[in-house]
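Residue numbers for the sequence shown follow my numbering, beginning at 234 and rising by one. No residue lacks a Cβ here, since even glycine has one placed at the ideal position from N, Cα and C. Predicted, not measured: the structure shown is a model, and the values here were computed from it.
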Amino acid sequence: MTKQISVQDHSEQPVPENVETLMGPAQRLDGSKPTEEEMTALQNAGLIHDEYKVAGERKVPQLVTAEPPKISPKPVEPVPIPDPAPDTDITDINKQLEKQVEEGLEDLDIATLGESDVVQTEKLANELHNLTAPTKIPITIPDAEPIVMKQGLFDRLKTAILAWWDNPRKRYLTLGIAVLVIGAVSVVPSLRTLALNLVGMRSGVVAHVIDSSTTMPLKNAIVEVGSTQVKTDEDGNARLKGVKLGPQTVTIKKIAFATVTKKVSIGMRVADLGDVAMKPSGTQLTYLLTDFVSGKPIVGVELESGESTATSDKSGKAVITLQPSTESDIKITVGAKGYRSETLLAPADGTKPLPVRLVANQQHVYVSKQSGKYDVYKSYLDGKKNEVLLEATGLESPGMTTSVSPDGKAVAVTSTRDEQRNKDGYLLTALTLVDIASGEATVIEHAESIALLGWKNDAIVYQVTVAGASAANPNRQKIMLYDIPKERRLQLANANYFSASFFDTTALYYVLSATDPAAKESFSRIGYDGNNKKALYQGEVWSAIRTGYDTYRLQTPDKWLDYKVGANTPTPSTPPSSFLSRQYLVAPSGTVSTWLDSRDAKTAFIRRQANGQESTAATLPNVQFGIRMLNDDLVLYRSVSGGDAADYVMSLSGGDSRKVADVSPDSR
Numbered sequence: 234m235t236k237q238i239s240v241q242d243h244s245e246q247p248v249p250e251n252v253e254t255l256m257g258p259a260q261r262l263d264g265s266k267p268t269e270e271e272m273t274a275l276q277n278a279g280l281i282h283d284e285y286k287v288a289g290e291r292k293v294p295q296l297v298t299a300e301p302p303k304i305s306p307k308p309v310e311p312v313p314i315p316d317p318a319p320d321t322d323i324t325d326i327n328k329q330l331e332k333q334v335e336e337g338l339e340d341l342d343i344a345t346l347g348e349s350d351v352v353q354t355e356k357l358a359n360e361l362h363n364l365t366a367p368t369k370i371p372i373t374i375p376d377a378e379p380i381v382m383k384q385g386l387f388d389r390l391k392t393a394i395l396a397w398w399d400n401p402r403k404r405y406l407t408l409g410i411a412v413l414v415i416g417a418v419s420v421v422p423s424l425r426t427l428a429l430n431l432v433g434m435r436s437g438v439v440a441h442v443i444d445s446s447t448t449m450p451l452k453n454a455i456v457e458v459g460s461t462q463v464k465t466d467e468d469g470n471a472r473l474k475g476v477k478l479g480p481q482t483v484t485i486k487k488i489a490f491a492t493v494t495k496k497v498s499i500g501m502r503v504a505d506l507g508d509v510a511m512k513p514s515g516t517q518l519t520y521l522l523t524d525f526v527s528g529k530p531i532v533g534v535e536l537e538s539g540e541s542t543a544t545s546d547k548s549g550k551a552v553i554t555l556q557p558s559t560e561s562d563i564k565i566t567v568g569a570k571g572y573r574s575e576t577l578l579a580p581a582d583g584t585k586p587l588p589v590r591l592v593a594n595q596q597h598v599y600v601s602k603q604s605g606k607y608d609v610y611k612s613y614l615d616g617k618k619n620e621v622l623l624e625a626t627g628l629e630s631p632g633m634t635t636s637v638s639p640d641g642k643a644v645a646v647t648s649t650r651d652e653q654r655n656k657d658g659y660l661l662t663a664l665t666l667v668d669i670a671s672g673e674a675t676v677i678e679h680a681e682s683i684a685l686l687g688w689k690n691d692a693i694v695y696q697v698t699v700a701g702a703s704a705a706n707p708n709r710q711k712i713m714l715y716d717i718p719k720e721r722r723l724q725l726a727n728a729n730y731f732s733a734s735f736f737d738t739t740a741l742y743y744v745l746s747a748t749d750p751a752a753k754e755s756f757s758r759i760g761y762d763g764n765n766k767k768a769l770y771q772g773e774v775w776s777a778i779r780t781g782y783d784t785y786r787l788q789t790p791d792k793w794l795d796y797k798v799g800a801n802t803p804t805p806s807t808p809p810s811s812f813l814s815r816q817y818l819v820a821p822s823g824t825v826s827t828w829l830d831s832r833d834a835k836t837a838f839i840r841r842q843a844n845g846q847e848s849t850a851a852t853l854p855n856v857q858f859g860i861r862m863l864n865d866d867l868v869l870y871r872s873v874s875g876g877d878a879a880d881y882v883m884s885l886s887g888g889d890s891r892k893v894a895d896v897s898p899d900s901r
């Protein structure tokens, strides 16, 4: 884009085009002679003498002594020129040109002008001609690039809407088309479906896939619509999302089962296919899954072989359908929560149900002297994978004890296995923590004696007698807690002697000896984090026993007191019917516990529910003590008969006890 600028000459007489304004021989710019009319115009302008006439040939002008005529051109407006370089003022350029012309005219001396000066005067005349030309001189000046402010999306949309609204024809035409489209979509289902699909509307399909022969849910069955598919979960349920509306074909397929195809119309609501029964097309094997100890059926056992799966029902029955194969060793994996996984080989003849007893996935840890030394072993309840966990050093003495953590991952062992002795040369007892899976052992501390009290989650609580401490030393005995994850040891209580200590799931209860001169209270409790310590009784206490899950009986010099967990102080009571303290075994879940009661030379296993309800689960002979609960149903205990000792497992749900391993009778 350019601008046209015209410049007007302000002299009184116009100068003919293409004629130089000189003070000597006149000629055109192209070198030709001027005409008579052109010469007359030059004379009238005062640019040459009257005496000078143009003849046929070019003449040298006459030199005169008179003062040369002064040229006083009237000032002209600055001539605009094309855009100069940046930061250059056009007015300054005009002034420079005018100054150069004036200086040239002042220096011009007609009297001394010779032919040698013609060239220079011609140059000055050209510049003067450019300033005094009567014609308009168009000069093109490029404009700067115009700056266009673009409209935003909202402004453009607003402008378009306003333009549409201001045009009645477009407005009514658009509204009419919209009404027709809406009407057609509302009336014609196929158009409605097409429109909804175009705007991205999608629906879904749900189905419950079962085995037609067993009505049990099928896992990993594929439910697909077009390119969209999903697998059924362990309950046989499938939910397919992102399905287009309209007529669709749903395909359900699974290895060793006949494919099922269904035609459905997908609407706005999710299409529920309900139960989809698939007919087996492969080889079916039937298994009966029961518990190893109780013999009771196990619900929810999963069988898997490649893509073939099955789940046991409430009767423990599971039917798995295998794809026909020429292989002779088809493997089937069997597993259930809380049980050890098993791998079975498919039998050649699968016409009869095959019984399978599953074993709890917890391992028992015990001390045995079968090698001649006190080794620590681990074994599953059926005796499989019976192996040494902590090999003896030969320094172990009778009386070793073990205690397995609630999660079955670690075991605490007390023994004199290390070459650590007191000042009198007697071996000190070591507390060693062993990782059951890896066998890695860590020694926590050494003391004159160590008694394991119980586990609080991942922390072992124990009582130690400090080596070399006198009987009157108030720090001779301590109750400690060692946190395995944090690798931190915490002191909960200290005394010269503890008359009794009880491990409760909520807090630790202990009785200080009456001979402790520093004791200000005798019966106290403290939390396992070392906080919430409270003195429950400050008088002298001779002994204490546990009479219930949450009750204790205290004997003082002149009376008996009864204390219930949660109370601030004990209350007066009567002598107990038995002076044996109850031992409670608590399941890892914390909802079930068991305690042992002597009845007619036998031992009764009493099961206690979380609500306090108790029932007798079994009565067995030769029971020495309970060891621990593996889960809410299985209990390990020690049996001694004729000098032989063995650990057994029994079920609170019934069934016969099963021997786990022979153990050293002088261990616990």
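| query | result |
| --- | --- |
| Please check the pair A543 and M449, which I expect to be a contact at CB under 8 Å, by giving their CB distance rounded to whole angstroms. | 7 Å |
| For T272, count the other beta carbons within 10 Å of its own beta carbon; 16 or more makes it buried, fewer makes it exposed. Which is it? | In the sequence as presented, Thr is not what sits at residue 272; that position holds Met. Buried: at least 16 other Cβ atoms inside 10 Å. |
| State the Cα-Cα distance for the pair I455 and V493, rounded to the nearest angstrom. | 10 Å |
| Where T647 and H679 are concerned, what is the direct C-alpha to C-alpha distance, given to the nearest angstrom? | 9 Å |
| Identify the continuous alpha helix (DSSP H) that holds A393 and give its terminal residues. | 386 to 399 |
| Sorted by chain position, which residues of the same chain lie with C-beta nearer than 6 Å to T576's C-beta, five sequence neighbours on each side aside? | K564, T566 |
| Here's the rule I'm using: 16 or more other beta-carbon atoms within 10 Å means buried, otherwise exposed. How should G459 be labelled? | exposed |
| Drop a sphere of 10 angstroms on the beta-carbon of N729, count the other beta-carbons inside from all chains shown, and report buried for 16 or more, exposed for fewer. | buried |
| Quick one: what's got a C-beta closer than 8 Å to I669's C-beta in the same chain, skipping five residues either side? | Q596, V598, K611, L622, V637, G641, K642, A643, V644 |
| Leaving out five residues on either side along the sequence, give the residues of the same chain with a beta carbon under 6 Å from the beta carbon of S446. | P513 |
| Taking the alpha-carbon of G437 as reference, which of D889, I415, V463 has the nearest alpha-carbon? | V463 |
| Reducing DSSP to helix, strand and coil, say where Y870 ends up. | strand |
| Out of curiosity, what's the CA-to-CA distance linking L255 and Q276? | For L255, the pLDDT reaches just 42, beneath the cut-off of 50, and the residue's location in the model is therefore unreliable, although a value from the coordinates is still provided. When rounded, the distance between both Cα atoms is 11 Å. |
| Per DSSP, what kind of secondary structure is M713 in: helix, strand or coil? | strand |
| Using a Cβ-Cβ cut-off of 8 Å (strictly less than) and excluding sequence neighbours within five positions of P718, which residues of its own chain qualify? | D691 |
| Mapping the DSSP letters down to three states, classify A569 as helix, strand or coil. | coil |
| If you run the structure through DSSP and keep just helix, strand and coil, what is Q276? | helix |
| Helix, strand or coil: which one does DSSP assign to V798? | coil |
| With a floor of 3 residues, list each beta strand (DSSP E) that falls wholly inside the stretch 650 to 717, ordered by position along the chain. | 662 to 668, 674 to 680, 682 to 689, 692 to 698, 710 to 716 |
| Just to confirm, does L664 get its C-beta within under 8 Å of one of the non-hydrogen atoms of the ligand FMN? | This structure simply doesn't include the ligand FMN, nor any ligand for that matter. |
| Check I488 in the structure and name its three-state DSSP category. | coil |
| State the CB to CB distance for the pair R871 and D880, rounded to an integer number of angstroms; the pair is presumed to be in contact (CB under 8 Å). | 6 Å |
| Which residue marks the beginning of the beta strand (DSSP E) containing V458, and which one marks its end? | 455 to 458 |
| How should T802 be labelled, buried or exposed, when 16 other C-beta atoms within 10 angstroms of its C-beta is the threshold for buried? | exposed |
| Suppose you measure from the CA of Q517 to the CA of G533; what does that come to, to the nearest Å? | 18 Å |
| Less than 9 Å between the beta carbons of G887 and A850, yes or no? | yes |
| First and last residue of the beta strand (DSSP E) that includes Y817? | 817 to 819 |
| Indicate whether at least one CB of chain C lies closer than 9 Å to the CB of H679. | This model lacks chain C altogether, as it is built from one protein chain only. |
| Applying the 10 Å Cβ sphere with the 16-neighbour rule, what's the burial state of S561? | exposed |
| Would the beta-carbon of V609 fall within 9 Å of that of V600? | yes |
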